[in-house]
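Peer 1: Those letters in the sequence shown? Residues 5 to 165, by the working numbering.
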Amino acid sequence: MIERPEFDDIYMELAVNLAKRSHCIKRHVGAVLTKDTRIISIGYNGPPAGTHNCDEEWPEQGCPRSSKGSCSLALHAEQNAILYAVKNKSSVEKSTLYITLSPCLSCARIIFAMGICKVIYLKSYGAYKGLEIDEGLDFLNRFGVETQQYLGDMEHVTHMI
Numbered sequence: 005m006i007e008r009p010e011f012d013d014i015y016m017e018l019a020v021n022l023a024k025r026s027h028c029i030k031r032h033v034g035a036v037l038t039k040d041t042r043i044i045s046i047g048y049n050g051p052p053a054g055t056h057n058c059d060e061e062w063p064e065q066g067c068p069r070s071s072k073g074s075c076s077l078a079l080h081a082e083q084n085a086i087l088y089a090v091k092n093k094s095s096v097e098k099s100t101l102y103i104t105l106s107p108c109l110s111c112a113r114i115i116f117a118m119g120i121c122k123v124i125y126l127k128s129y130g131a132y133k134g135l136e137i138d139e140g141l142d143f144l145n146r147f148g149v150e151t152q153q154y155l156g157d158m159e160h161v162t163h164m165i
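1. What is the rounded straight-line gap between the Cα of residue 117 and the Cα of residue 98?
2. So, are the CB atoms of residue 48 and residue 22 less than 8 Å apart?
3. Note the first and the last residue of the continuous alpha helix (DSSP H) segment covering residue 110.
4. From what residue to what residue does the beta strand (DSSP E) around residue 48 run?
5. Could you pull the start and end residues of the alpha helix (DSSP H) that residue 88 belongs to?
6. Using a Cβ-Cβ cut-off of 7 Å (strictly less than) and excluding sequence neighbours within five positions of residue 140, which residues of its own chain qualify?
7. For the alpha helix (DSSP H) containing residue 22, list its first residue and its last residue.
8. Count the other C-beta atoms from every protein chain shown that fall within 10 angstroms of the C-beta of residue 137, then say buried if there are 16 or more, exposed otherwise.
9. For residue 139, which of helix, strand or coil comes out of DSSP?
10. Assuming residue 123 contacts residue 144 under a Cβ cut-off of 8 Å, what Cβ separation, rounded to an integer in Å, is found between them?
11. Could you tell me how far apart the beta carbons of residue 101 and residue 16 are, in whole angstroms, since I believe they sit closer than 8 Å?
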């Protein structure tokens, strides 16, 4: 009998591979938005189409920082996935988001507002930023969005930045 991978493994592996498309100097993040075992959208972090690719325009240090120390150009991977789905008239309500880095607080608000019901993440944004708490996950959990850290098997993934 052929061993079939779980959908969680397939979607998280795709998110990891999408992260490799990012032009960000600081961090590569990928996202996959699914509903009823179907992919409805994908995304990775980077500047909006038609602006500068950070690794090409500022190859040494990346894009200029905002007043809060964040990228001044980049959209987060989950923002790109949600925006693309909505732009193409796909409903994201009751969908599941697979993401390589748990959402920041701003993205968590968008996820909640859009009716996404579950977030499966690979690594913690709070830990990446050196914070004691993960504000985005705390927000989602407080308002009823299910969150879970991915602990599955991605045997074919060899490297993630």
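Ideal Cβ placement from N, Cα and C applies to all residues, glycine included.
Peer 2: In this structure, then:
1. To locate residue 117, count along the sequence shown from 1; it is residue 113. To locate residue 98, count along the sequence shown from 1; it is residue 94. For the pair residue 117 and residue 98, the Cα-to-Cα distance works out to about 11 Å.
2. On the sequence shown, residue 48 is found 44 positions in, with the first residue counted as 1. On the sequence shown, residue 22 is found 18 positions in, with the first residue counted as 1. In this structure, residue 22 lies closer than 8 Å to residue 48 by Cβ.
3. Taking the first residue of the sequence shown as position 1, residue 110 is located at position 106. Membership of residue 110 in the alpha helix (DSSP H) is indicated by the continuous run 109-117.
4. Translated into the one-based positions of the sequence shown, residue 48 becomes position 44. 42-48 is the span of the beta strand (DSSP E), which, as asked, contains residue 48.
5. As a first step, residue 88 is located in the sequence shown; it is residue number 84 there, counting from the start. 81-91 is the span of the alpha helix (DSSP H), which, as asked, contains residue 88.
6. As a position in the sequence shown, residue 140 is number 136, starting the count at 1. So the qualifying residues of the chain are 106, 107, 108, 109, 111, 112 and 129.
7. Along the sequence shown, read from residue 1 onward, the residue named residue 22 stands at position 18. Counting along the chain, the unbroken alpha helix (DSSP H) around residue 22 starts and ends at 11-23.
8. As a first step, residue 137 is located in the sequence shown; it is residue number 133 there, counting from the start. Flag for residue 137 reads exposed.
9. Along the sequence shown, read from residue 1 onward, the residue named residue 139 stands at position 135. DSSP places residue 139 in helix when its eight states are reduced to three.
10. If you number the sequence shown from 1, residue 123 lands on position 119. If you number the sequence shown from 1, residue 144 lands on position 140. In this structure, residue 123 and residue 144 form a Cβ contact; the two beta carbons are roughly 6 Å apart against a cut-off of 8 Å.
11. Here residue 101 is taken as the residue at index 97 of the sequence shown, counted from 1. Here residue 16 is taken as the residue at index 12 of the sequence shown, counted from 1. 11 Å between Cβ atoms; not a contact.
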